[in-house]
Amino acid sequence: MKSIDNILAQSVFSREDIIQLLSSDVVGRNKLYEKAASVKRNHVGNKVYYRGLVEFSNICFKNCYYCGIRAGNKNINRYDISEDAILKAVKYAHDSHYASVVFQAGERDDDEFIEKVCRLLRKSKEITKGEIGITISVGEQSEEVYQKWFDCGAHRFLLRIESSNRELFNKIHPNNAKHDFDKRIAALRLLKKTGYQTGTGVMIGLPEQTIENLADDILFFEEFDIDMIGMGPYIEHAETPMFEQKDLLWSLDERFNMALKMIATLRLVLPDINIAAATALQAIDQIGREKALKVGANIIMPNITPTVHRTDYQLYQNKPCIDESASDCNNCLEARIKIAGDSIGYGEWGDSLHFKNKK
Ligand code: 5AD
Ligand code: SF4
Ligand code: FES
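Quick look at the structure:
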């Protein structure tokens, strides 16, 4: 077996190397973190880019077994924020020099939804004189819809694969056409074809997930030539079917540490992509997102969803920033990021260098 030092001296990593990095003990993982920090500095710099997150609706027609806002959960208030209120959040982001926003919602494919997203994109560009960069995260859609939204002004898209292992994907989703592994892969291909900077990601610490599965996730991102990643720990939610498997889970600490190792390892494997410090990290550790910045992440998605709706967008329990307003989070984050040693790329889109380098 190679030593961690030998692996960290490489710039190309085999499956075995990745497994070893993900299995590293405290001493090994600290070396990994240090290396990932220097790779981050050298390739993407020490700037964090903001994506103001608007969770604009929790209405979802899917039934993912892990998610608190799945269609089958009858215990939540469903909401669909008005266009005016969403645009107000966009204006807040723009006025605060966040150069980008993310529109995220539960999944729907009806015409009303498709048109609403399109209008939002157009108007967001209009009220910011084209200055705001827009990422959307609204699920699997047809090629026509992806094209339409691209033409309306979105230029990045997030669609997590959740797990790149087909069996595991099938275990965490109902077995039907709405939750189909091949369709998810096909949708990711369409996003790339349409011209989006394409982001994906996985949950870390799912029941029965192995370190080998996680190593394969990293290899999947590499093979797929992905531009952006958002991945974080799986956190059980009592009102979901997967809660029954809670006894199979790694401890929260283990899931958290594995998430940091995944981020650090990914930074070594794909040095020039954008990696988000997922909010779910902060559901386990108060300064979880800042720890992620220290080991390779370079994107943060401050929540700018109007506070009244935040309680109803809990995909997992213990989600942070539920009672805070957009400006509370703004002040809080700025201080935290400075402490982590990074600066904030106010007014800069901070697009994926990997995407630019491909052209
Ligand atoms: N724990 C962690 N992440 C979750 N997501 C959904 N439910 C959970 C959970 N219980 C993630 C999924 C989805 C993203 C929007 O939120 O990866 O793609
Ligand atoms: Fe809907 Fe997304 Fe939750 Fe699945 S993970 S139930 S698609 S909001
Ligand atoms: Fe929301 Fe700190 S980032 S309260």
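Numbering-wise (the working numbering), the sequence shown opens with residue 33 and increments by one.
Even glycine gets a Cβ: it sits at the ideal position worked out from N, Cα and C.
Asked: Check: Glu163 C-beta below 7 Å from any heavy atom of ligand 2; Found: no
Asked: Presumed contact (8 Å Cβ cut-off) between Phe135 and Phe88, rounded CB distance; Found: 6 Å
Asked: DSSP bridge partner residues for Tyr81 (one or two, in chain order); Found: Ile331
Asked: Status (buried if at least 16 other CB within 10 Å, exposed otherwise) for Ser196; Found: buried
Asked: Inter-stretch contact (C-beta, 8 Å, three-pair minimum) for the region 104-114 and the region 68-80; Found: no
Asked: Paired residues, beta bridge with Ile376 - DSSP; Found: Val80
Asked: Reference Ser384; option with closest CA among Arg188, Lys157 and Arg198; Found: Arg188
Asked: Element boundaries [beta strand (DSSP E), containing Ser359]; Found: Here Ser359 belongs to no beta strand (DSSP E); instead the alpha helix (DSSP H) covers Ala358 to Ile371.
Asked: Continuous alpha helix (DSSP H) stretch holding Gln314: start and end; Found: Ala312 to Ile316
Asked: The region 277-292 / the region 306-319 touching (three or more Cβ pairs under 8 Å); Found: yes
Asked: Three-state secondary structure (DSSP) of Val44; Found: coil
Asked: Length of the line joining the Cα atoms of Gln346 and Val58; Found: 32 Å
Asked: First and last residue of the uninterrupted beta strand (DSSP E) at Thr232; Found: Gln229 to Thr232
Asked: Helix, strand or coil at Thr160 [DSSP, three-state]; Found: coil
Asked: Environment of Gln229 [buried if 16+ CB atoms lie within 10 Å]; Found: buried
Asked: Rounded distance between the beta-carbons of Leu325 and Ala291, thought under 8 Å; Found: That pair is no contact at about 13 Å.
Asked: Asp360: CB within 7 Å of a non-hydrogen atom of ligand 3; Found: yes
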